[in-house]
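Q: Residue numbers (the numbering used here), protein chains in the order written: chain B, -4 to 246; chain Y, -4 to 246.
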DNA sequence: CTAAAGCCTCCCCTAAGAGGAGAGTCAACA
DNA sequence: TGTTGACTCTCCTCTTAGGGGAGGCTTTAG
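Rendered as structure tokens:
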């Protein structure tokens, strides 16, 4: 089944002009050109168009989109990357919304907001992305974990400690999603194992130390964002679990 | 206090070029021009800039923004309008995210999605906004509820206390998603308000009591499930926040 | 066989800045 | 006091992602 420009346009809410444009710049080539010179698109092209639109939604320039699609022919990889980016965008909106509400509130009270808070959430997104990746650098160094990759995980080329940390984080996230209580025996087991591992690898850490550390994560932007980026609420869940373990340990 | 272009730029993450541009088209005039021709901005201009940025975030063309700000000098009205629009935008992202996940899933299974579903969520936003507002008209009429506010909640048939609780929970969830720290001033404010409300309605509750109560939620299946059902991680976040408030209160 | 609807190319236009040249200004330090 | 480095100004051209529309084929439906 082949689609004409009008049909594609109706399906995708993209104008015909845009299709022309994408053709001209080589971003989306028609499957076939009819005798009369009509552009005809197939399913594959529709899929590619979808990918393009995901990126466009995130305000990527078209030539960047082209490169991205070219250098990563794996559909699955593109999609999970886009999911991450969309989540980041949602986060941005969330933050802006918060600023807006704060503005409404202080406006109502007739107060002045300070000039910094007025613009929270508007940092340019690339700066954000960079901050995100810098942060990852830092964490990779500090923790030896690359968190961006947390989801599918390239286990084999991580070293043992990094792999353990990543697996640990993953399991914590999973437990939270599964609704496991923070004080559940299984969680305690999980934390204990992690502690044991750390102790065996040159990081002397008691349950109390670990609890303190996780409490610190709640205050620290880098760590908080990293944990919450993997799973919303995870930082708090982890802190609660660690505290519960430390309390047990104590008596 | 007056700010130079550089200072405004740093505060707001807007380039100097953009400030020049906004000056030229009369969207944001400097409060004052120095002898040497330097642009100087005051607090009022910063606020106006904030409003502009909210609209810009929503991809409004600059001349439209100008008109909007001109014809509605009431700050409060502008802000609540913008809140609605941002909520709509969040919804759009949510929908696109859903489409994306669906694509990932069917991709994994090696299935083809139908060509319609491929593009759900990409309808042009104005059409979207219109649809949204029509729908709202309808709902407002039929149900006497303005649905754009707070997704779940039939406010009118809840009593006051239930409504307060629901709103409170909603805001907590929102803050968690926004990455607000559990010990942030805003969170404390939120909890304090909630406590005040409870105290005014016959539930004597101190900050410490509340902390204990939220800690109990973590152990109790019913409450845990209810909270986690609304937003993963929320129970733990709330407990951390309550504890932080109680600690504050104590000293 | 004719009209309406669809398609093509080609050309010019626009919005929201970015980049950079050339020149004046400000603060701080020697 | 002079100088240097960071800021600022205006003016000009350039870019991106299309939109509008003219002029001219093609396809479909009656």
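C-beta: ideal position from N, C-alpha, C; glycine also.
1. Three or more C-beta pairs closer than 8 Å, one from the region 189 to 203 of chain B and one from the region 169 to 181 of chain B: is that the case here?
2. Starting from residue 175 (chain B), trace the alpha helix (DSSP H) in both directions and tell me its first and last residue.
3. Only counting the same chain, and skipping five residues up and downstream in sequence, which positions put a Cβ closer than 8 Å to that of residue 93 (chain Y)?
4. Output, in chain order, the set of chain B residues within a Cβ distance shorter than 8 Å of residue 48 (chain Y).
5. Using 8 Å for Cβ pairs, my map puts residue -3 (chain B) next to residue 37 (chain B). What's the rounded Cβ distance?
6. Tell me which residues share the same chain as residue 24 (chain B) and place their Cβ nearer than 7 Å to its Cβ, disregarding the 5 neighbours each side in the sequence.
7. Looking at chain B, is there any beta carbon in it that lies within less than 8 Å of the beta carbon of residue 28 (chain Y)?
8. Which residues in chain Y sit within 9 Å of residue 24 (chain B), going by Cβ to Cβ distance?
9. Identify which residue in B:21, B:20 and B:41 has its Cα closest to the Cα of residue -1 (chain B).
10. Does the Cβ of residue 46 (chain B) have 16 or more other Cβ atoms within 10 Å, making it buried, or fewer, making it exposed?
11. Suppose the cutoff is 6 Å on Cβ atoms and the five residues either side in sequence are ignored; what does the same chain contact list for residue 241 (chain B) look like?
12. Quick check on the burial criterion: 16 or more other C-beta atoms within 10 angstroms. Buried or exposed for residue 84 (chain B)?
13. Could one say the Cβ of residue 213 (chain B) lies closer than 8 Å to chain Y's Cβ atoms, at least one of them?
14. Excluding sequence positions up to five away, which residues of its chain have a Cβ less than 7 Å from the Cβ of residue 168 (chain B)?
15. Does the ligand MG have even one heavy atom less than 7 Å from the beta-carbon of residue 84 (chain Y)?
16. Note down, in chain order, each residue of its chain lying with its Cβ closer than 7 Å to the Cβ of residue 239 (chain Y), except the 5 sequence neighbours on either side.
17. Let me check one thing: in DSSP terms, what residues is residue 28 (chain B) bridge-paired to?
18. Using a Cβ-Cβ cut-off of less than 9 Å, list which residues of the region 65 to 96 of chain B approach chain Y; keep chain order.
19. Quick one: which chain Y residues come within Cβ less than 8 Å of residue 36 (chain B)?
20. Please state whether the Cβ-Cβ distance between residue 78 (chain Y) and residue 96 (chain B) is less than 8 Å.
21. Considering only DSSP beta bridges, list what residue -2 (chain Y) is partnered with.
22. What distance in whole Å lies between the Cβ atoms of residue 61 (chain Y) and residue 22 (chain Y), which are believed to be in contact at a cut-off of 8 Å?
23. DSSP state of residue 99 (chain B), grouped into three classes?
24. Find the residues of chain B that neighbour residue 234 (chain Y), judging by a C-beta separation of less than 7 Å, and give them in chain order.
25. Do residue 51 (chain Y) and residue 89 (chain B) have their C-beta atoms closer together than 8 Å?
26. Could you compute how far the alpha carbon of residue 49 (chain B) sits from the alpha carbon of residue 81 (chain B)?
27. Taking just the CA atoms, how far does residue 160 (chain B) sit from residue 63 (chain B)?
28. Got a sec: is the Cβ-Cβ distance from residue 41 (chain B) to anything in chain Y below 8 Å?
29. Using the beta-carbon of each residue, which ones in chain B are nearer than 8 Å to residue 174 (chain Y)?
A: Put simply:
1. Segment contact: the region 189 to 203 of chain B against the region 169 to 181 of chain B, fewer than three CB-CB distances shorter than 8 Å; contact not assigned.
2. Segment: none, residue 175 (chain B) is in no alpha helix (DSSP H) and carries neither H nor E.
3. So the list reads 115 and 116, once near-sequence residues are dropped.
4. Around residue 48 (chain Y), the beta-carbon contacts reaching into chain B at under 8 Å are 114 and 117.
5. With a Cβ gap of about 6 Å, residue -3 (chain B) and residue 37 (chain B) count as contacting.
6. Here the set comprises 18.
7. At a cut-off of 8 Å between C-beta atoms, residue 28 (chain Y) does not count as an interface residue with respect to chain B.
8. Result: empty, since nearest Cβ-Cβ is about 18 Å, beyond 9 Å.
9. Ranking B:21, B:20 and B:41 by Cα distance to residue -1 (chain B) puts B:41 first.
10. Counting Cβ neighbours within 10 Å, residue 46 (chain B) comes out buried, since at least 16 surround it.
11. Taking residue 241 (chain B) as the centre and dropping the five residues before and after it, the same chain places the C-beta of 202, 203 and 206 closer than 6 Å to its C-beta, in chain order.
12. Here residue 84 (chain B) is buried. Its C-beta has 16 or more other C-beta atoms within 10 Å.
13. Chain Y contact via Cβ: present.
14. Within the same chain, Cβ atoms closer than 7 Å to the Cβ of residue 168 (chain B) are found at 225, 226 and 229, the five residues on either side in sequence being excluded.
15. Here there are no bound small molecules, and the ligand MG is not part of this structure.
16. Only residues of its own chain outside the window of five on either side were considered, and among them 177 and 178 have a CB closer than 7 Å to the CB of residue 239 (chain Y), listed in chain order.
17. In the DSSP output, where bridge partners are listed per residue, residue 28 (chain B) has B:34.
18. So the list reads 70, 71, 74, 75, 77, 78, 81, 82, 84, 85, 86, 87, 88, 89, 90, 91, 92, 93, 94, 95 and 96, given in the order they occur along the chain.
19. Under the 8 Å cutoff, chain Y gives no residues; its nearest Cβ is about 10 Å from residue 36 (chain B).
20. Yes, the Cβ-Cβ distance between residue 78 (chain Y) and residue 96 (chain B) is below 8 Å.
21. DSSP lists Y:36 as partners of residue -2 (chain Y).
22. Contact check for residue 22 (chain Y) and residue 61 (chain Y): beta-carbon distance about 5 Å, within the 8 Å limit, so the pair qualifies.
23. Three-state DSSP puts residue 99 (chain B) in a helix.
24. The answer, in chain order, is 235.
25. No. Outside cutoff.
26. CA-CA distance, residue 49 (chain B) to residue 81 (chain B), rounds to 8 Å.
27. Inter-residue distance for residue 63 (chain B) and residue 160 (chain B) is about 30 Å (C-alpha atoms, whole angstroms).
28. At least one chain Y Cβ lies under 8 Å of residue 41 (chain B).
29. Correct list: 86, 89, 90, 219, 220 and 223.
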